[in-house]
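These notes concern the structure reproduced below.
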Amino acid sequence: MLWSNAFAATKKSVGKASKTPGGIPIAEPQPEPFSLVYCSDPEMIRLRLELEKLKLLRGFDELLCLDGLHAVEQLPHQIETVRKVLRYFHGRVLLADEVGLGKTIEAALLLREYILRSMVKRVLILVPSPLTGQWRDELSGKFALECDLAASGWTSHDWADRQRVIASLSLAKSRRHFELCSAEPWDLVIVDEAHHCKNRSTRNWQLVNALKRRHIFLLTATPVQNNLIELYNLLTLLEPGHLKTETDFKKNFVTRGNPRDPRNRRVLRDLLSQVMVRNTRSLVNIKLPRRYAQTFALAPTENEALLYRHLDSYLRWRCQPLHAKAIGDNTDGTAEDTDTTVDESAVLASIADGVVQSVETSGVDGLTHAAGAAKWTALAELWQHPPDDLPTLNRLQINAILMAAGSHPLALRPALERLGLQDHRAGPLLELARGLHQSAKETQLLELLGKNRSEKTLVFANFRATLDHLAGLLERHGIRFTLFTGGQSQLEKELAIDQFKHDVPVMLCSDSGGEGFNLQFCNTLINFDLPWNPMRIEQRIGRVHRIGQTRDVFVFNLCTRGSLEEKILAVLNDKLRMFELVVGEIGSILGNTEKGEDFESLVLDLWLKSRSADDLETAFSNLGDSLIEAQGQYLKTRELDEALFGEDFA
Amino acid sequence: MTTAIDRRLKSFAVALLESGGGLIEWPEHFKSGFAVLPPKAAAILECPENTEITAETSDRGLTINLASMFLQRAQGLFPRDTSAMALKIDTLYLKKSAMDEPVARAFAFPNARVKVMGVSSERVEYQFWHFAAAIESDEKWEDLVGVTINSRTRARLDLPDPLNNYDAHPARLDQATVDVAAATAQAATVAGEKALGFIRRLEDRMDRDMKRLKSYYHALLDDASDRNRRTMAEPDKTAARTEAVELELQRKTEELRERYTLRPALRPVALVRLDAPALAVTLHAQRREGEKQLNVYWNAMSKTLEPLACGQCGRGIFSIHFAEDFTPLCAACGHK
């Protein structure tokens with residue numbers, strides 16, 4: 000009779016809420032429409048009952064979330080974590096795995112499991128802004144979980160109507176949305192990079208604390224960054240009072256005078272183990288071989304250099320308002336950038352100077368003879384004036400064009416054709432690009448492939464035009480290869496991998512290809528072009544540098560001298576030694592810098608803000624310095640976390 | 000997964016797919032076989048029409064194990080509504096001897112004088128209900144609950160599965176006798192008893208969490224008042240701080256209650272209706288100035304007298320306390 004009253008409510012309309020003797024409220028059951036479907040075969044009834052009985056046999060040992068995943072490599076420690084959280088943590092946990100061990104996958108598996116078991120319907124996922132798209136794509140593509148991205152224009156209805164929402168922390172905590180999303184009841188809240196909520200006085204912490212939720216997962220590899228109170232604050236979000244009050248916590252667990260040094264470690268670890276899972280590399284026995292990287296910054300051909308210089312000038316001319324905005328938005332406090340007044344004529348003059356200079360210094364072929372030179376001079380004249388008659392190119396367009404330029408002149412062509420339709424002044428650029436069929440990088444690529452004939456080699460390129468061109472190049476040189484792109488069907492992909500494994504030495508691969516496939520039989524990778532986002536570079540390397548790889552991995556980066564890619568590589572490789580870091584660490588380091596999580600956007604900002612090559616050089620040098628600082632901070636944090644947590648939480 | 004469960008799943012899958020028109024070739028002791036499925040079934044199960052069928056997790060074909068989506072998807076092969084079947088048993092042996100003594104042995108009537116008036120052969124519909132019961136809270140509890148009731152008395156009985164009764168044959172029965180509310184109430188009682196351990200565990204946990212929460216916020220209040228004393232804070236500020244902590248405690252307490260709130264649900268999965276002969280024993284009950292005739296039933300399948308249902312809690316009763324209007328009540332309800 001404990002709660003049969005609640006069921007009886009389907010018969011009688013019981014108004015007042017009932018409770019168990021122990022005081023747990025009982026919600027009134029929702030009456031469901033009832034109708035019978037008659038059958039004449041008793042077997043159908045038996046089968047239906049058997050189905051219900053079989054469904055009940057699925058305890059938490061049988062995870063439902065693993066079936067129907069796409070391209071997700073499930074590691075044993077992740078599966079174990081999912082089971083543990085389901086069984087012992089009742090959906091409130093701090094997932095604090097070391098970098099690169101797949102916290103996001105664990106959280107997504109848990110989310111899927113809860114949804115499949117109908118234990119969760121309304122979900123809010125809070126992530127740093129640059130990661131919203133990635134979360135949505137991964138949940139949709141790999142876990143078959145569709146989510147809505149919260150937008151700044153959302154009303155209370157939008158918040159109320161959506162079942163699964165991904166929102167950036169900055170949007171959710173904004174004045175407009177704080178109340179709206181905290182007014183909604185959520186079955187599960189997931190907070191990625193939860194160390195952003197380490198401080199109780201911030202709106203981040205206050206938002207998460209204010210959210211009405213039944214379950215909550217906090218994800219961070221570095222729960223303690225500066226002092227132990229940060230950990231206390233995070234755990235207070237999970238279970239208020241689990242570590243008692245801050246005063247009690249300090250008294251019991253923090254060494255007086257050193258807020259980073261824990262005392263009563265055994266007791267603290269016991270308490271932490273009730274709310275936290277932390278897998279470490281040594282614990283889960285993940286030992287990856289070393290990886291080595293070499294960058295080839297190749298001198299461009301004359302015409303290539305000419306094209307890049309003019310393209311740079313033209314784009315700067317076309318995006319002057321963005322340039323002004325980038326400078327206006329600047330908050331990094333460097334002397335030149337704090338001057339927010341833009342001398343437009345100076346900018347124009349510097350662009351025109353660049354063009355003239357390039358005409359004077361350019362070489363000997365067709366486009367640099369007298370007529371060609373006259374053309375560029377005329378253009379330089381034109382570029383003295385702002386492009387009043389043309390729409391400003393937006394950041395996305397600029398980004399795409401610059402990246403295409405970094406890939407190959409052939410990848411740049413379609414963008415230039417579009418620009419040419421809009422503006423006849425872009426015509427010469429297109430003409431120049433059409434005359435270029437080979438870039439400096441091809442020769443190096445062929446050389447690398449020639450030296451390495453016995454090894455399987457993956458060649459990555461961002462653009463389809465580049466891949467097609469490389470396919471032709473390899474064909475002409477008699478190098479057997481297979482092509483793998485995101486647009487292929489599953490069967491085509493499987494065939495390509497199979498061919499690569501057994502028959503051909505080279506696989507040309509797009510960024511979207513290869514995820515989820517085992518390519519550990521290959522240990523050499525060539526980045527023919529370079530994504531600006533280091534996480535995407537990591538994803539490329541991750542195709543071969545993963546569990547199961549037994550040999551050292553070699554990464555070759557090709558870039559054109561003087562290009563943005565060269566500067567990015569200088570920062571990531573020369574300064575941060577990114578290619579020698581553990582998978583995932585680069586993300587943590589970038590996360591320690593302002594706007595670092597959106598590195599791609601940061602690079603574009605630097606380009607937009609700079610007025611000359613020297614400017615750009617200085618800006619990248621400053622970026623490198625701040626990243627080194629961030630790396631230092633990350634290393635300190637990692638040491639602190641290792642000292643505090645050891646390997647006791649898995 | 001144990002081998003026994005493996006075998007059970009396999010035989011379920013084969014029977015289910017074959018009943019829907021599929022052709023299955025899955026020899027015993029083989030981990031996998033082959034299936035040719037009708038297009039609709041293949042679409043529901045999200046697999047090709049000609050497919051490998053296997054007990055081991057695989058990207059290809061139809062995986063049949065507890066961790067696969069098979070059971071979830073197989074739900075789509077059944078109608079969304081409650082599956083029902085109507086059966087009839089034409090004849091059964093009915094007790095012929097006098098019923099006075101069996102009634103006196105089986106029933107007690109503490110507040111009325113009751114005597115047997117006579118017996119007659121009647122047809123009674125017995126309803127065998129199967130409910131999927133679930134309670135969602137901080138955890139989830141699920142079970143399959145079966146209840147059998149006499150459609151006349153609404154009393155819950157314990158009778159053998161009619162699907163295994165060779166004398167029962169398909170029939171057409173009057174729809175009016177189906178009372179899902181009565182069955183739900185009975186199922187709720189059974190489910191409540193089955194879930195008792197689960198609920199007790201949740202009660203203990205909620206109690207612990209509630210104590211922790213209160214002690215935390217009370218400690219915060221103590222901290223705050225100590226600080227206020229030390230810093231000689233203004234009374235307004237002190238009061239505001241105290242109020243804020245109390246509000247937060249209230250909010251967190253509500254959140255905790257919400258987290259543990261039991262959300263029970265009963266979904267009727269299947270109903271087997273059985274029309275069978277029974278012996279109706281007419282009783283004459285007299286209490287104070289009032290009197291009433293009522294029937295109890297001798298069940299020809301269990302060969303016993305059936306209980307009556309308490310008019311308030313629905314429990315099956317042999318010790319019958321009559322209410323003023325002669326509604327039969329159990330001892331507990333009768334003394335309220």
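Chains as they are written, first to last, in numbering that gives the first Met the number 0: chain F, 0 to 649; chain D, 0 to 335. Beta carbons: idealized from backbone N, C-alpha and C, even for Gly.
Thinking just about the alpha-carbon of each residue, which of the options is nearest to the one in residue i?
i: D/E48; options: D/A54, D/E55, D/L36 and D/R59; result: D/L36
i: F/G152; options: F/L138, F/E584 and F/S173; result: F/S173
i: F/M402; options: F/T559, F/L445, F/L473 and F/R637; result: F/T559
i: D/E45; options: D/N164, D/G289, D/V189 and D/F69; result: D/F69
i: D/T147; options: D/A264, D/L158, D/K193 and D/R207; result: D/L158
i: F/E641; options: F/R57, F/L605, F/K243 and F/D260; result: F/D260
i: F/W185; options: F/L603, F/R637, F/L56 and F/K120; result: F/K120
i: F/L568; options: F/V581, F/S620, F/K608 and F/N398; result: F/S620
i: F/R262; options: F/V274, F/S272, F/F248 and F/M275; result: F/F248
i: D/I316; options: D/F197, D/R229, D/V280 and D/R155; result: D/R155
i: F/R116; options: D/P109, D/A111, D/R151 and D/Q71; result: D/Q71
What is the residue span of the beta strand (DSSP E) that residue i lies within?
i: D/G145; result: K139 to N149
i: F/C508; result: V505 to C508
i: F/S155; result: Run containing F/S155: none in the beta strand (DSSP E); it sits in the alpha helix (DSSP H), S155 to D160.
i: D/F106; result: First-last for D/F106: undefined, no H or E at that position.
i: F/I478; result: Per DSSP, F/I478 belongs to no beta strand (DSSP E) and is neither H nor E.
i: F/Y37; result: L35 to Y37
i: D/A133; result: R112 to E135
i: F/K249; result: Per DSSP, F/K249 belongs to no beta strand (DSSP E); it is in the alpha helix (DSSP H), E245 to F252.
i: F/K211; result: K211 to L218
i: F/C558; result: V552 to T559
i: F/R290; result: R290 to L297
Does the distance from the CB of residue i to the CB of residue j come in under 7 Å?
i: D/A34; j: D/I52; result: yes
i: D/V102; j: D/V115; result: yes
i: F/L297; j: F/K450; result: no
i: D/T90; j: D/E124; result: no
i: F/D96; j: F/N226; result: no
i: F/A410; j: F/A464; result: yes
i: F/V458; j: F/L490; result: no
i: F/A70; j: F/K141; result: yes
i: F/L622; j: F/V570; result: yes
i: F/T244; j: D/L219; result: yes
i: D/D274; j: D/K87; result: yes
Hey, how far is the Cα of residue i from the Cα of residue j?
i: F/I114; j: F/C64; result: 9 Å
i: F/C318; j: F/G586; result: 30 Å
i: F/L282; j: F/D269; result: 18 Å
i: F/G365; j: F/R452; result: Low confidence applies here, because F/G365 scores a pLDDT of 40, under 50, leaving its location unreliable; read the following figure in that light. Straight-line Cα distance between these residues: approximately 37 Å.
i: D/S82; j: F/Y87; result: 37 Å
i: D/G191; j: D/T326; result: 24 Å
i: F/R719; j: F/R290; result: Residue 719 of chain F falls outside the range modelled here, since chain F spans only 0 to 649, and no answer is possible.
i: F/I525; j: F/A166; result: 36 Å
i: F/E579; j: F/R202; result: 36 Å
i: F/E51; j: F/I104; result: 30 Å
Please work out which residues of its chain come closer than 8 Å, Cβ to Cβ, to residue i, disregarding the five sequence neighbours upstream and downstream, and give them in chain order.
i: D/L15; result: A73 and L76
i: D/S18; result: none
Starting from the C-beta of residue i, find all residues in its chain whose C-beta is less than 6 Å away, skip the five residues before and the five after it, and write them out in chain order.
i: F/A334; result: At F/A334, the pLDDT of 33 sits below 50, so the modelled position is not reliable and the matter cannot be decided from this model.
i: F/Y633; result: S587, I588 and N591
i: F/V188; result: L123, L210, R212 and I215
i: F/G99; result: V581, V582 and G583
i: F/P222; result: A95, L230 and L233
Along the alpha helix (DSSP H) that carries residue i, what are the first and last residues, could you check?
i: F/H501; result: Q489 to H501
i: F/E616; result: A612 to F644
i: F/W134; result: T131 to G140
i: F/W185; result: No alpha helix (DSSP H) holds F/W185; the beta strand (DSSP E) holding it covers P184 to V190.
i: F/L409; result: P408 to Q421
Excluding five sequence neighbours on each side, which residues of the same chain lie with their C-beta closer than 7 Å to the C-beta of residue i?
i: F/A159; result: E183
i: F/H530; result: Looking at the sequence shown, residue 530 of chain F is not His but Pro. Closer than 7 Å at the Cβ level, and outside the excluded window around F/P530, lie N461, D510 and I536.
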